[in-house]
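What follows is a short report on a single structure.
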Amino acid sequence: MFPFMFDWTMILILPALGLALWAQSKVKGTYRKFSEVRSRLGMTGQQVARRILDQNGLHDVPVEPVAGELTDHYHPGERKIRLSEGIYGSTSLAALAVAAHEVGHAIQHKTGYQAMTWRASLVPVANIGSMAAIPLFFIGMLVPAFTWLMDLGIIFFAGAVLFHMVTLPVEFDASRRAVAILGNGSFLAPDEVQGAKRVLDAAAWTYVAAATMALLQMVRLIILRNSRN
Ligand SMILES: [Zn+2]
1280 MFPFMFDWTM ILILPALGLA LWAQSKVKGT YRKFSEVRSR LGMTGQQVAR
1330 RILDQNGLHD VPVEPVAGEL TDHYHPGERK IRLSEGIYGS TSLAALAVAA
1380 HEVGHAIQHK TGYQAMTWRA SLVPVANIGS MAAIPLFFIG MLVPAFTWLM
1430 DLGIIFFAGA VLFHMVTLPV EFDASRRAVA ILGNGSFLAP DEVQGAKRVL
1480 DAAAWTYVAA ATMALLQMVR LIILRNSRN
């Protein structure tokens, strides 16, 4: 696409690319494995999400099915939990882990968990940043009169990097809450909790990989800018 995509600084993002591919295969493999393991509880992802929400006074947060695989999320604006088809009606350990994780986000929202508030306010910054940063940067690189656009591009990209960084504590905390709730005695036996934890740990690596990729991309942009000046 761009000739400058293949300069030596590409080497910088190879470790992040490797980490991303490894995390993807790890999350797919772990998810597939624990999708086959039924919990002895016998409740579906939807039922478990409903029960944990109710136990936390979140009676007004609905749990809805959504199309796709691993499309599960909590929507803070609509205050809704959406569970993918493979999670919603499944009684597997993977389903209960993901369902409890999404409820973890709803609880974060209710309690005003600081990193989640920051993350929400960074969403527009990250959207603009990830759309505009690279085009701005490369216009600055190619048009001598507009070299300052490279700096603007880097500033925009930094917004997206910050978003990825703030996402990490939000995701880790939601998983920590999920494991604690599932293991509190009313849902899963200790050996089952370990399976649920492995699913969430694997998912956490995809966020680490995305943050690493964004950070190294920014380092790469800074090196390219400095080599032009
Ligand atoms: Zn999450």
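The sequence shown begins at 1280 in the numbering used here and counts up one residue at a time.
Glycine included, C-beta positions come from ideal geometry on N, C-alpha and C.
No experiment lies behind these values; they were computed from the predicted model shown.
Figure out for me which residue from SER1409, ALA1385, THR1370 and ALA1439 has the closest Cα to the Cα of PRO1355.
ALA1385
Proximal residues to ALA1483 (C-beta, below 7 Å), its chain only, five neighbours per side dropped:
GLU1450, PHE1451 and SER1454
Specify, as a first and last residue, the run of the beta strand (DSSP E) that SER1363 falls within.
1359 to 1363
Does SER1371 come out as helix, strand or coil in the three-state DSSP assignment?
strand
Compare the beta carbon distance of ILE1292 and ARG1499 with 8 Å and say whether it is the shorter of the two.
Their beta carbons are under 8 Å apart, which means ILE1292 touches ARG1499 by this criterion.
Assuming the contact rule is C-beta atoms closer than 8 Å, PHE1466 and VAL1306 should be a hit. Round their C-beta distance to whole Å, please.
No, PHE1466 and VAL1306 are not in contact; Cβ-Cβ is about 22 Å, not under 8 Å.
Looking at ligand 1, does it come within less than 7 Å of ALA1376, judged from the CB to the closest heavy atom?
no
Compare the C-alpha of ARG1317 against each of ARG1398, VAL1478, HIS1338 and THR1370 and name the closest.
THR1370
What's the gap between the Cα of TYR1486 and the Cα of PRO1448?
10 Å
For SER1404, which residues of its own chain have a beta-carbon under 6 Å away from its beta-carbon, when the five flanking residues on both sides are left out?
Here residue 1404 is Val; the residue named in the question, Ser, does not match the sequence. The beta carbon of VAL1404 sits closer than 6 Å to those of GLY1438, all from its chain and outside the five residues before and after it, given in chain order.
Please indicate yes or no: does the CB of GLU1364 lie closer than 7 Å to some heavy atom of ligand 1?
no
Tell me, which residues are paired with VAL1342 by DSSP?
ILE1360
Examine ligand 1 and report whether any of its heavy atoms sits within less than 7 Å of the Cβ of ALA1453.
It does: the Cβ of ALA1453 is within 7 Å (strictly closer) of some heavy atom of ligand 1.
Can you say whether ILE1407 is buried or exposed, counting buried as having 16 or more other CB atoms within 10 angstroms of its CB?
ILE1407 comes out exposed.
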